[in-house]
Amino acid sequence: MAGHGFPGPKQKYTVRYGLSPNAQNPFKGMLYNAFFNTFRRTRSQFLYLLIPFGSYYYLWNWANDYNQWLYTKDGRTTLLSYD
Numbered sequence: 003m004a005g006h007g008f009p010g011p012k013q014k015y016t017v018r019y020g021l022s023p024n025a026q027n028p029f030k031g032m033l034y035n036a037f038f039n040t041f042r043r044t045r046s047q048f049l050y051l052l053i054p055f056g057s058y059y060y061l062w063n064w065a066n067d068y069n070q071w072l073y074t075k076d077g078r079t080t081l082l083s084y085d
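Per my numbering, the sequence shown starts with residue 3, numbered consecutively.
Here it is, written out as structure tokens:
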């Protein structure tokens with residue numbers, strides 16, 4: 003009579019085992035998520051990288067141009083006139 007709307011007796015000692023989806027397929031979406039998480043993290047850190055590298059690039063170009071100018075005739079005469 004348990005199957006026709008009447009509650010049956012409680013079952014004892016019934017154990018149900020299950021396996022989580024992460025345990026079944028631990029690498030599901032790993033490459034997809036790694037790509038987009040890397041993009042998101044890089045985008046959020048963009049200014050922390052852009053400002054120092056931009057400053058370094060500007061300083062490097064200025065020093066290189068100044069060094070090349072010092073090896074011209076005008077640069078040598080200007081440098082010698084300070085003595």
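Ideal placement from N, C-alpha and C gives every residue a C-beta, glycine not left out.
Inter-residue Cα distance where the pair is residue i and residue j
i: Gln-70; j: Tyr-84; result: 18 Å
i: Asn-63; j: Phe-55; result: 12 Å
i: Arg-45; j: Lys-75; result: 47 Å
i: Phe-48; j: Phe-38; result: 15 Å
i: Lys-14; j: Arg-43; result: 51 Å
i: Phe-41; j: Phe-29; result: 19 Å
i: Val-17; j: Gly-10; result: 18 Å
i: Asn-66; j: Gly-31; result: 48 Å
Contact check, residue i vs residue j, beta carbons under 8 Å
i: Leu-81; j: Leu-72; result: yes
Taking the runs of the alpha helix (DSSP H) that are 4 residues or longer, which of them lie wholly in the region 27-81?
32-46 and 48-72
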